[in-house]
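J.: For the sequence shown, position 44 (counting from the first letter as 1) is numbered 43 according to numbering that gives the first Met the number 0, and the numbering increases by one without interruption.
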Amino acid sequence: MNKIREIYSMGHSRIPVYRDNIQDITGCMMIKDLSLLDPDDATPLSQVELKPLQQVSEKYALFSMMNDFLTGECML
Numbered sequence: 000m001n002k003i004r005e006i007y008s009m010g011h012s013r014i015p016v017y018r019d020n021i022q023d024i025t026g027c028m029m030i031k032d033l034s035l036l037d038p039d040d041a042t043p044l045s046q047v048e049l050k051p052l053q054q055v056s057e058k059y060a061l062f063s064m065m066n067d068f069l070t071g072e073c074m075l
């Protein structure tokens, strides 16, 4: 429960989750999903569902990426 309080206090809506090093991001944890957990269950954070990340090629045009954000096709 203390870890969940710590995460809420950061003020972010998403937190990237990685394996052994920060370069190996496996997904994104939605903070609102944590509010559904019952503290009495002591659910490990490793069991919270991760959302997949949007992957973008370095050759993808910046204008196209910004348009994707504006149309809601992806989020930061």
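Think of the CB as a built atom: it goes at the ideal place given N, C-alpha and C, for glycine as much as any other residue.
Just so it is clear, the structure is predicted and the values come from calculations on it, not from any experiment.
Distance check for C27 and R18, CA to CA, integer angstroms please.
T.: Stepping through the sequence shown from its first residue, residue 18 is reached at position 19. Stepping through the sequence shown from its first residue, residue 27 is reached at position 28. Straight-line Cα distance between these residues: approximately 12 Å.
J.: Between the stretch 4-16 and the stretch 27-39, are three or more C-beta pairs nearer than 8 Å?
T.: Flag = yes, the stretch 4-16 and the stretch 27-39 touch.
J.: Grouping DSSP H, G and I as helix and E and B as strand, with all else coil, what is P43?
T.: Counted from its first residue, the sequence shown places residue 43 at position 44. Of the three classes helix, strand and coil, the one that applies to P43 here is coil, per DSSP.
J.: Looking at the structure shown, is Y59 part of a helix, part of a strand, or coil, going by DSSP?
T.: Counting from 1 along the sequence shown, the entry for residue 59 is found at position 60. Of the three classes helix, strand and coil, the one that applies to Y59 here is coil, per DSSP.
J.: When you compare only the Cα positions, how much space is there between F62 and Q22?
T.: Indexing the sequence shown from 1 puts residue 62 at position 63. Indexing the sequence shown from 1 puts residue 22 at position 23. In a straight line, the C-alpha of F62 is about 26 Å away from that of Q22.
J.: Check each candidate in F68, L35 and S56 and name the one with the smallest Cα separation from L44.
T.: By one-based count along the sequence shown, residue 44 stands at place 45. Ranking F68, L35 and S56 by Cα distance to L44 puts L35 first.
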